[in-house]
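The block underneath contains the structure these notes are about, expressed in structure tokens.
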Amino acid sequence: REQGAEGPAAPPAPGARKDPLSRKADMLVRFLLERHASKEPITRAALLKIVSRKYEAHWAEILRRTSERLQLLFGLELREGDAGGRAYELVSKPGLEGDGGDKGPPKSGLVMALLGVIFMKGNRASEEEVWEFLNVLGVYAGRRHPIFGEPRKFITQDLVRQKYLEYRHVPGSKPQRYEFLWGPRARAHTSKMEVLQVLAKINDTVPSCFPQLYQEALLEEAARESSTDAATEASAGEAAGGPSGAGEPSRARVGPGRPI
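Going by our numbering, the sequence shown opens with residue -3, and the numbers climb by one from there.
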């Protein structure tokens, strides 16, 4: 693992330390996705039963966190199905649909979260660590998901083919083990700071609450800004150099863009 990514200061994977309200929100997310897949009605009474009477006073906050997770990770919006708020429905958010093309997959929030797990685990995460995170979200290998289809294929084939992830054998491991790394498309179109912001939302906190990762993300941001400045100066120098520089491409690397 890369230097500076280990040590006791490293935070746990998303979901490893959550307060009771966030755990209830995760339970509601799993329940709502199951109802969405089966096209069964979603009633307030059913949701309150999961929340339980003990946490009913925190209903509004739990529902807010549930709605945020659904939008962030699955591209689904939770709406009231009737004027009295007795029923709900899940609707795909406009503009999030796609097949992994330029707009990115409809699950780009989950992709960012997966990149975050890899970042959090020292820029490479074992297959077991990735599935531990996905299981918290109700995503299981071999169990078809209403958004992702067959999760193992989605993670180890689709996202690898789209170059968001690298999935490779750990050399010398017996029995054989596999690990995930950021793919070239992820490295080109997002940043550690953006990924950290997604992790912070999942954990209901802010990026600076992960000091070790936050510092690493800040260093990357500074390096990218320096690279962009160098490229700008090189371009300006070529323009001022007259015909001798005409037609020659800049040798400086421009820093990658942002959105997936």
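We treat Cβ as the ideally placed atom computed from N, Cα and C, and that holds for glycine.
What are the start and end residues of the alpha helix (DSSP H) that includes Asp176?
Along the sequence shown, one-based indexing puts residue 176 at 180. The amino acid occupying residue 176 in the given sequence is Phe; Asp does not appear at that position. It is not in any alpha helix (DSSP H) - Phe176 instead sits in the beta strand (DSSP E) that spans 174 to 178.
Less than 8 Å between the C-beta atoms of Ala109 and Leu74, yes or no?
Taking the first residue of the sequence shown as 1, we reach residue 109 at position 113. Taking the first residue of the sequence shown as 1, we reach residue 74 at position 78. Result no, Cβ atoms of Ala109 and Leu74 do not sit closer than 8 Å.
Find out if the Cβ-Cβ distance for the pair Asp22, Val191 is shorter than 8 Å.
As a position in the sequence shown, residue 22 is number 26, starting the count at 1. As a position in the sequence shown, residue 191 is number 195, starting the count at 1. No.
Neighbourhood of Leu43 by C-beta, 7 Å cutoff - its chain only, sequence neighbours within 5 removed:
Counting from 1 along the sequence shown, the entry for residue 43 is found at position 47. Here the set comprises Leu24.
Does the Cβ-Cβ distance between Gly134 and Arg61 come in under 8 Å?
The sequence position of residue 134 within the sequence shown is 138, counting from 1. The sequence position of residue 61 within the sequence shown is 65, counting from 1. Contact: no.
8 Å CB neighbourhood of Ile46 in its chain, flanking five on each side removed:
As a position in the sequence shown, residue 46 is number 50, starting the count at 1. Within the same chain, Ile46 has close Cβ partners Lys20, Met23, Leu24, Phe27.
Considering only the alpha carbon of each residue, which of Leu59, Glu64, Val194, Leu72 lies closest to Gly81?
Residue numbering aside, residue 81 sits at position 85 when the sequence shown is read from its first letter. Nearest of Leu59, Glu64, Val194, Leu72 to Gly81, Cα basis: Leu59.
Distance, Leu29 Cα to Leu72 Cα:
Taking the first residue of the sequence shown as 1, we reach residue 72 at position 76. Taking the first residue of the sequence shown as 1, we reach residue 29 at position 33. Rounded to the nearest angstrom, the two C-alpha atoms are 9 Å apart.
Using the three-state DSSP reduction, which class does Arg19 fall into: helix, strand or coil?
Mapped onto the sequence shown, residue 19 falls at position 23. Arg19: helix per DSSP, three-state reduction.
Under a three-way DSSP split, which group does Gly105 fall into?
Start at 1 with the first residue of the sequence shown, and residue 105 comes out as number 109. The answer is helix: DSSP assigns Gly105 an H, G or I state.
With DSSP collapsed to three states, give me the class of Glu146.
Your numbering for residue 146 matches position 150 in the sequence shown. If DSSP states are grouped into helix, strand and coil, Glu146 belongs with coil.
Among Arg157, Gln67, Met116, which residue has its Cα nearest to the Cα of Pro207?
Residue mapping note: residue 207 aligns to position 211 of the sequence shown, counting from 1. That would be Met116, whose Cα lies nearest to the Cα of Pro207.
Indicate the three-state DSSP secondary structure (helix, strand or coil) for Ser169 in the structure shown.
Position 173 of the sequence shown, counting from 1, holds the residue named residue 169. The answer is coil: DSSP assigns Ser169 none of H, G, I, E or B.
Taking the alpha carbon of Ile143 as the point to measure from, which residue in Glu229, Val156, Arg164, Leu106 has its own alpha carbon closest?
Stepping through the sequence shown from its first residue, residue 143 is reached at position 147. The option with the nearest alpha carbon to Ile143 is Leu106.
Please confirm whether Lys159 and Pro180 have their CB atoms less than 8 Å apart.
Translated into positions along the sequence shown, residue 159 becomes position 163. Translated into positions along the sequence shown, residue 180 becomes position 184. Closer than 8 Å, so yes.
What residue from Gly77, Gly112, Asp78 has the CA that sits closest to Val194's CA?
As a working mapping, residue 194 is identified with position 198 in the sequence shown. Answer by Cα proximity: Gly112.
Run of the beta strand (DSSP E) containing Glu36, from where it starts to where it stops:
Here the question's residue 36 lines up with position 40 in the sequence shown. No beta strand (DSSP E) holds Glu36; DSSP gives it neither H nor E.
Between the Cα of Arg120 and those of Val166, Trp55, Lys149, His141, spot the shortest distance and give me the residue it belongs to.
The count along the sequence shown starts at 1 and reaches residue 120 at position 124. It is Val166 whose Cα lies nearest to the Cα of Arg120.
So, is Ser63 buried or exposed, given that buried needs 16 or more other C-beta atoms within 10 angstroms?
Here residue 63 refers to the residue found at position 67 of the sequence shown. It is buried - the Cβ of Ser63 has at least 16 other Cβ atoms within 10 Å.
Looking at the C-beta of Ala42, does it have a partner C-beta in chain D at a distance below 8 Å?
The chain inventory of the structure shown lacks chain D, comprising one protein chain alone.
State the Cα-Cα distance for the pair Gly118 and Gly138, rounded to the nearest angstrom.
The residue labelled residue 118 in the question sits at position 122 within the sequence shown. The residue labelled residue 138 in the question sits at position 142 within the sequence shown. Approximately 27 Å, taken between the alpha carbons.
Simplified DSSP state of Pro75, which is helix, strand or coil
Along the sequence shown, one-based indexing puts residue 75 at 79. Here residue 75 is Arg; the residue named in the question, Pro, does not match the sequence. Three-state DSSP puts Arg75 in a strand.
When you compare only the Cα positions, how much space is there between Glu146 and Arg140?
Along the sequence shown, read from residue 1 onward, the residue named residue 146 stands at position 150. Along the sequence shown, read from residue 1 onward, the residue named residue 140 stands at position 144. The alpha-carbon atoms of Glu146 and Arg140 are separated by roughly 5 Å.
Within 10 angstroms of the Cβ of Ala188, are there 16 or more other Cβ atoms? Answer buried if so, exposed if not.
Here the question's residue 188 lines up with position 192 in the sequence shown. Residue 188 is actually Lys in this sequence, not Ala. Under this definition Lys188 is a buried residue.
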